[in-house]
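Reminder that position 28 of the sequence shown reads as 102 in my numbering, one-by-one numbering, no gaps.
Yeah, the Cβ is synthetic: ideal placement off N, Cα and C, and Gly gets one too.
All values derive from a computational prediction rather than experimental measurement.
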Amino acid sequence: MKRTITLSALSLAALMALPNLAAASAADDVAEYCDSPLRLADTGIEGAEELRRAFAPFAEEFSELTGVDMEFFPLSDRTSAANALRYDSIDLVLAGPSEYVVMTAVSGNVSPSFGLERDGYGAYIVAHSDLGMESIEDLEGHHLAFGDVGSTTNHITQGWMIEDAGLSLGDDVRYTHAGDARVQTFVNGDVDAAAVGYRDVDIIEEYDPDLEYDIIADSGTMPRDVFVARDALGENCIRAISETAMQYEDQLFQAFVQPAADEPDTDEGQERSKYLGATFVNDITDDEYDMVREAYEVLGLEL
């Protein structure tokens, strides 16, 4: 009887240790299956120094956990990541939905590793209240400001909604690509309506707390941002990176958003602030982005 109790106790101790062993093995697998350094990029950040400041805390934490370093690869524009992946210049890139579909079309051999799910990620069309617009159809004959060409929440989504409502961009709705100035352009009254992200409504109210505007279209839930890996890394490496992100989410996510606290007024700090309150996820599948592909097709944009 005593021997049976001892074995049971040992078995229980072993079972209790299993989660820690599993957690350790994911980080160890990164070192076993991935080359060092992993070359990292972000489609939302341009410039080598900006990228370093945005990712340094995350890279340091990742390296401490896995023993694999990260090297930063700056991008010249939103879509250059596709060619960088195609020619094996980078290993891992953080991309929005629009950039992801471009990468899969241009590079082909890429896979989602893990992603970011956040509240407040979606697209609106806003219009000045004194115009009396209540729906997308009311945009006919009016002037709309988009953001950058290809932006998921400031161009592609709203453009798709407008065309889907039976209006023709350019013919029925005049538009301007105002880039980052889209909100100020709207607040100044230079346009009748604007394509904005959910978070942009706070910026509208910062510019002019008394401005009266209406939300005339809402995209609802959007596809998630994703860390895209080139397939040549190998299935084991990509899986190990994903599992490490999930098992060490607390440390890695806090490191990921640290620039939002350390440098809130910089471009990279503001870029990270949009992820505050988000979570890492590893259930992303390619078909999640079919709505973005459809939007490209409807708008006549080449992938």
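**Asked** What do you reckon, are the CB atoms on Glu362 and Pro297 nearer than 8 Å?
**Response** If you check the CB distance, Glu362 and Pro297 come in under 8 Å.
**Request:** Output the distance between the C-alpha atoms of Asp264 and Leu213, rounded to the nearest integer angstrom.
**Result:** Going from the Cα of Asp264 to the Cα of Leu213 covers about 15 Å.
**Item:** Every unbroken beta strand (DSSP E) within the stretch 280 to 347, with a cutoff of 3 residues, ordered by chain
**Value:** Fully contained in the stretch 280 to 347 are the following beta strand (DSSP E) runs of length 3 or more, in chain order: 287 to 292 and 299 to 304.
**Candidates Val167, Thr140, Glu208 and Asp292: closest to Gly271 by CA position** = If we check each option's Cα against that of Gly271, Asp292 comes out closest.
**Cβ separation of Ala201 and Ala267, assumed to be a contact under 8 Å, to the nearest whole Å** = In this structure Ala201 touches Ala267 by the C-beta definition: roughly 4 Å separates them, less than 8 Å.
**Message:** Check whether the stretch 238 to 248 and the stretch 153 to 173 touch, using three or more Cβ-Cβ pairs below 8 Å as the test.
**Reply:** In this structure the stretch 238 to 248 does not touch the stretch 153 to 173; the number of beta carbon pairs closer than 8 Å is below three.
**Message:** Applying the 10 Å Cβ sphere with the 16-neighbour rule, what's the burial state of Thr353?
**Reply:** Classification for Thr353: exposed.
**Proximity winner among Tyr349, Val302 and Ile199, relative to Thr178 (alpha-carbon distances)** = Scanning Tyr349, Val302 and Ile199 for the CA closest to the CA of Thr178 turns up Val302.
**Distance, Val261 Cα to Ile312 Cα** = Computed Cα separation, rounded: 44 Å.
**Prompt:** When you compare only the Cα positions, how much space is there between Leu159 and Pro283?
**Reply:** Straight-line spacing of the CA atoms in Leu159 and Pro283 works out to 43 Å.
**Residue environment, Ile289, which counts as buried when at least 16 other CB atoms sit within 10 Å** = Looking at its Cβ environment, which holds fewer than 16 other Cβ atoms inside 10 Å, Ile289 is exposed.
**Request:** Please list, in chain order, all residues of the same chain as Val366 whose beta carbon is under 7 Å from its beta carbon, the five residues on each side excluded.
**Result:** Annotation for Val366: Pro171, Ser172, Val175, Thr226, Ile230 and Pro297 place their beta carbon closer than 7 Å to its own, counting only its chain and skipping 5 residues before and after.
**Item:** Distance, Glu135 Cα to Asn310 Cα
**Value:** Answer to the nearest angstrom: the Cα atoms are 21 Å apart.
**Asked** Which residues does DSSP pair with Gly271 in a beta bridge?
**Response** Per DSSP, Ala197.
**Message:** So within the stretch 162 to 213, which uninterrupted alpha helix (DSSP H) runs reach at least 4 residues, ignoring any that extend past its ends?
**Reply:** With a minimum length of 4 residues, the continuous alpha helix (DSSP H) runs that stay inside the stretch 162 to 213 are 171 to 180.
**Prompt:** Taking three-plus beta-carbon pairs below 8 Å as touching, is the stretch 106 to 124 in contact with the stretch 138 to 151?
**Reply:** Three or more Cβ pairs drawn from the stretch 106 to 124 and the stretch 138 to 151 lie within less than 8 Å of each other, which places the two stretches in contact.
**Item:** Three-state secondary structure assigned by DSSP to Thr153
**Value:** Residue state, collapsed to three classes: coil.
**Request:** Determine which residues share a DSSP beta bridge with Glu145 and list them.
**Result:** As computed with DSSP, Glu145 is found in a beta bridge with Arg113.
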